[in-house]
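Residue numbers (my numbering), protein chains in the order written: chain V, 1 to 558; chain L, 1001 to 1040.
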């Protein structure tokens, strides 16, 4: 890291925070603070939605995912455009018509206050715990790469977000996200372009597809129907549809984004363009990972992409590590020649090259696995999965100065943009659905704005504390990673019943939601059902039980 | 307001944008399949 990198990094972050605070100062009522005065045009809504969904880990992990596993992860997003259409037809006009601050407020109109509070409670549980991880995951990677204490990166992200989210509310979140996403995409595409231009002369862009395909990275579509496989077209279309309906329709961190739209049409267009742009955006990010993979066919890749673990291994078992490193290095020259023959067929026979390349690639993988096993034998708790470090390690070692700072700003911006939406949503739900509704119902608007600011700051502190202790509790992290699936199914069941099944009334849905949630918890603690299926199980259980209860109590008033 | 009053009008406001989203999804899936089969 040079002085130029530090200047670019901190200059970018400071500009975003100052712009967010300055541009949105002076919100004095709830409409302004929590809904941005319903003033956002569709493109701001769209960018805000996209920036909320794409956390730092998206930009760190996704290229690494393509590097290791190819592009099949793309199928996970196929249900998203369908969810955007359904929500544009259903949720958007309804939320706008009722002029709600949160999605859960609608549930009181349709059912009663108990159902509203229950859904708000589920949301606060899942989002309140996961916002810590939104900060923790990039903090861990950045602290490893920059050799900083993890608490420094955690507090840096947390405090920067807190400053503009507390002062400017929803409008600050949306306006800053517009610029954050622009910086993120510009930085990512620049990194991809550098990987491409570092390939041997004569390798054109269309050749990269040829290479990627023959090296097994273009596994974009899997038509096999397999419930145990997370990435095939059917799990993407069906499972993804349920997941994204819950996420965009009933998770306040997304609902809050399109509620800020200036009209139904603007909110709808924001969602529609998210449906149009999301998959191409993921394709670009995954393909950047593929380009990094191709880059490492012609430049030596590190034995382990996590530099901290590699250093530890080198210090603790220098001879063993040096032997592995030497074997690994000796493979590179030959593999590079075969890759060149792949890329530039005029240099040699392609068929033989392909076979030889795959053999050497398999040997390399084996050596990397040996290195990982060696580290595990020295430290059983070490996380040797290094795909999250592939992209950032490439950035730190192969990008010119100035751009390294920009790419680090990308990671910080992505962490800040998703954290900001989550804090804003947690504060909205706490102040509107819990505090104003059940604790202090009659007070001035100024009081609720002050309370919302206080709740935003409080959630930011909770997130930072959680991120700091997460390091010591590996099980906690695993639990939080699936916590979305533990609650989304139930919340979706409640909302689908509210939207489409007028027969179901408040008491029935309340019982249905409790039973549905207990069923999901049972699946989590006592069965081996894949956690992505919890969304469907929970949703179906809530609706079925609610229908049954409603059927058994036909005399309830309409 | 009584329970059940507020539900969305299903397909009441169908728009050309929705066709566009679904058409684009279909085109993308076909294009990705073509890309995969052509280059492997």
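Idealized CB from N, CA, C, for every residue including glycine. On a predicted model such as this, the values are computed, not experimentally measured, just so you know.
- In the three-state reduction of the DSSP assignment, residue 1/V falls in the coil class.
- Going by C-alpha positions, residue 276/V is about 13 Å away from residue 43/V.
- Secondary structure note for residue 109/V: its alpha helix (DSSP H) is the uninterrupted segment 103-110.
- Neighbours of residue 1029/L in chain V, taken as residues at a C-beta separation under 8 Å, are given in chain order as 78, 221 and 233.
- Counting along the chain, residue 490/V sits inside the alpha helix (DSSP H) bounded by residues 483-500.
- From the beta-carbon of residue 248/V, no residue of chain L is found nearer than 8 Å; the closest lies around 13 Å away.
- Counting of Cβ neighbours within 10 angstroms places residue 246/V among the buried residues, the total reaching 16 or more.
- In the same chain as residue 60/V, and ignoring 5 residues on each side of it, the C-beta atoms closer than 7 Å to its own belong to 138, 141, 388, 391, 392 and 411, in chain order.
- Residues of chain L with a Cβ closer than 8 Å to the Cβ of residue 84/V are, in chain order, 1021.
- Taking a C-beta distance under 8 Å as the contact criterion, residue 157/V and residue 544/V do not qualify as a contact pair.
- Among the bridge pairs identified by DSSP, residue 40/V is matched with 261/V.
- In summary, the residues of the stretch 267-280 of chain V whose CB is separated from some CB of chain L by less than 8 Å are 268, 269, 272, 275, 276, 279 and 280, in the order they occur in the chain.
- Between residue 498/V and residue 111/V, the beta carbon gap of about 7 Å places them in contact (Cβ cut-off 8 Å).
- Restricting attention to 514/V, 456/V, 502/V and 513/V, the CA atom closest to the CA of residue 159/V is found in 456/V.
- Out of 161/V, 281/V, 546/V and 308/V, the CA that lies nearest to the CA of residue 81/V is found in 281/V.
- The residue from 286/V, 378/V, 52/V and 447/V with its alpha-carbon nearest to that of residue 318/V is 378/V.
- No Cβ of chain L is located within less than 8 Å of the beta carbon of residue 495/V.
- Not a single C-beta of chain L is nearer than 8 Å to the C-beta of residue 298/V.
- Per DSSP, reduced to three states, the secondary structure at residue 221/V is coil, with no helix or strand assignment.
- Counting along the chain, the unbroken alpha helix (DSSP H) around residue 1033/L starts and ends at 1016-1038.
- The alpha-carbon of residue 89/V is positioned some 12 Å away from that of residue 96/V.
- Residue burial annotation: residue 329/V is exposed, with fewer than 16 other C-beta atoms found within 10 angstroms of its C-beta.
- Here residue 22/V is exposed, its C-beta having fewer than 16 other C-beta atoms within 10 Å.
- Under the rule that a run must span 4 or more residues, the alpha helix (DSSP H) segments found entirely inside the stretch 58-141 of chain V read 80-89, 91-98 and 103-110.
- Contact between residue 248/V and residue 371/V fails: their C-beta atoms lie close to 41 Å from each other, not under 8 Å.
- Nearest to residue 366/V by alpha-carbon distance, out of 327/V, 436/V, 356/V and 397/V, is 327/V.
- Remark: fewer than three beta-carbon pairs, one from each stretch, lie closer than 8 Å, so the stretch 426-434 of chain V and the stretch 202-209 of chain V are not flagged as touching.
- Listed along the chain, the chain L residues whose CB falls inside 8 Å of the CB of residue 74/V are 1032.
- Sequence-distant Cβ neighbours of residue 403/V in its own chain, meaning closer than 7 Å and more than five residues away, are 190.
- Only residues of its own chain outside the window of five on either side were considered, and among them 46 have a CB closer than 6 Å to the CB of residue 273/V, listed in chain order.
- The beta carbon of residue 6/V sits closer than 8 Å to the beta carbons of 405 from its chain, once the five residues preceding and following it are set aside; these are given in chain order.
- For residue 289/V, no Cβ of chain L is located within less than 8 Å of the residue's own Cβ.
- Within 10 angstroms of the beta-carbon of residue 386/V lie 16 or more other beta-carbons, which makes it buried.
- Pairing residue 125/V with residue 215/V, the inter-Cα distance amounts to about 43 Å.
- Boundaries of the alpha helix (DSSP H) harbouring residue 333/V: 318-343, taken from the DSSP string.
- Near chain L, meaning a CB-to-CB distance below 8 Å, the residues of the stretch 207-221 of chain V are 209, 210, 212, 213, 214, 216, 218, 219, 220 and 221.
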